[in-house]
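In my numbering, the protein residues as written are 435 to 687. Structure first, then comments.
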């Protein structure tokens, strides 16, 4: 590549990630030497059976767990030396996370759940309120601002969780089985919303066992026994494994 035409830094990059869980019985090797690079604007689905290690991988990428070995970069920032407090600050700015069980604050209203990350990131209250109002309207939740999470359906709670994850306009959205607790209608809603934000340029890494959700992505990674066994795009292009460029996920044996 000629000088001045280098590709921009990936939104997310990881090298040699290893994570072993120690408990009763034999150690569980959840992630076994994974290299990952996600380009800006990509929608990557990581699929595999329960126990494959895909949620652990997502938690490593978001700093919710620390790898035993390996390195994660967010943009051009290497995260090895980040404290838990630094990770918390950076997540507010750079990463939105959606969980299977919503993780909403049960004693806060819908409005407060969505605004809280913005306020913690230093956004002025008036702007945080405007961002919240815009997101809730787009997600079909206008009129629910004063509701408590327990008064909402599962699909509505997940939409609130999505609004909370996106309120600070993070470069990266991580979604861990976001439809795992939803019925088929809720799953379709989540798929439609993720597709909509991806079409606007949102970078997404989704962990799912649901083929319907994975079909919304433009790249699907099959994860088994802590390793990547396949990496392919869904537009008919050849599998990307082995090219070693941004947007490519490779496997270290």
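A virtual CB, placed ideally from N, CA and C, is assigned to each residue, including glycine. Remember, predicted model here, so these are calculated numbers, not experimental data.
>> Tell me the residue span of the alpha helix (DSSP H) that contains residue 565.
In response: 559-572
>> At the level of alpha carbons, what is the spacing between residue 631 and residue 594?
In response: 15 angstroms
> If you drop the 5 nearest sequence neighbours on each side, which residues of the same chain put their C-beta closer than 7 angstroms to that of residue 596?
Replying inline: 532, 573 and 627
> Just checking my contact of residue 592 with residue 620 at CB under 8 angstroms: how many whole Å lie between their CB atoms?
Replying inline: 7 angstroms
> So is residue 541 buried or exposed if we call it buried at 16+ other beta carbons inside 10 Å?
Replying inline: exposed
>> At 4 residues or longer, what runs of the alpha helix (DSSP H) sit wholly inside the segment 476-560?
In response: 488-495, 518-528 and 544-554
> Terminal residues of the continuous alpha helix (DSSP H) containing residue 630?
Replying inline: 618-633
>> If I measure Cβ to Cβ from residue 688 and keep anything under 7 angstroms in the same chain, skipping five residues before and after, which residues do I get?
In response: Any property of residue 688 remains undetermined from this structure, which presents the chain solely from 435 to 687.
> Which value, in whole angstroms, describes the spacing of the CA atoms of residue 651 and residue 644?
Replying inline: 12 angstroms
>> Let's see if you can read the secondary structure: which residues bound the beta strand (DSSP E) around residue 466?
In response: 462-472
>> Buried or exposed, going by whether 16 or more other CB atoms sit within 10 Å of the CB of residue 642?
In response: buried
> Among 561, 602, 578 and 504, which one has its Cα closest to the Cα of residue 551?
Replying inline: 602
> Quick one, are the C-beta atoms of residue 473 and residue 445 less than 8 angstroms apart?
Replying inline: yes
>> In whole angstroms, give me the CA-to-CA distance for residue 656 and residue 640.
In response: 12 angstroms
>> Using 8 angstroms for Cβ pairs, my map puts residue 556 next to residue 529. What's the rounded Cβ distance?
In response: Rounded, the Cβ-Cβ distance is 16 angstroms, inconsistent with contact.
> Out of 581, 668, 469 and 458, which has the shortest C-alpha to C-alpha gap to residue 503?
Replying inline: 469
> Whole alpha helix (DSSP H) runs in the segment 643-670 with 4 or more residues, listed along the chain?
Replying inline: 645-648
> Can you tell me whether residue 585 is buried or exposed, with buried defined as 16 or more other CB within 10 angstroms of its CB?
Replying inline: exposed
>> Only counting the same chain, and skipping five residues up and downstream in sequence, which positions put a Cβ closer than 6 angstroms to that of residue 578?
In response: 544
> Which value, in whole angstroms, describes the spacing of the CA atoms of residue 512 and residue 654?
Replying inline: 25 angstroms
> Apart from the five residues just before and just after residue 673, which ones in its own chain have a Cβ nearer than 8 angstroms to its Cβ?
Replying inline: Bear in mind that a pLDDT of 40 at residue 673, under 50, signals an unreliable position, so the number given afterwards is only what the model happens to contain. Closer than 8 angstroms at Cβ, skipping near neighbours: 664, 665, 666 and 667.
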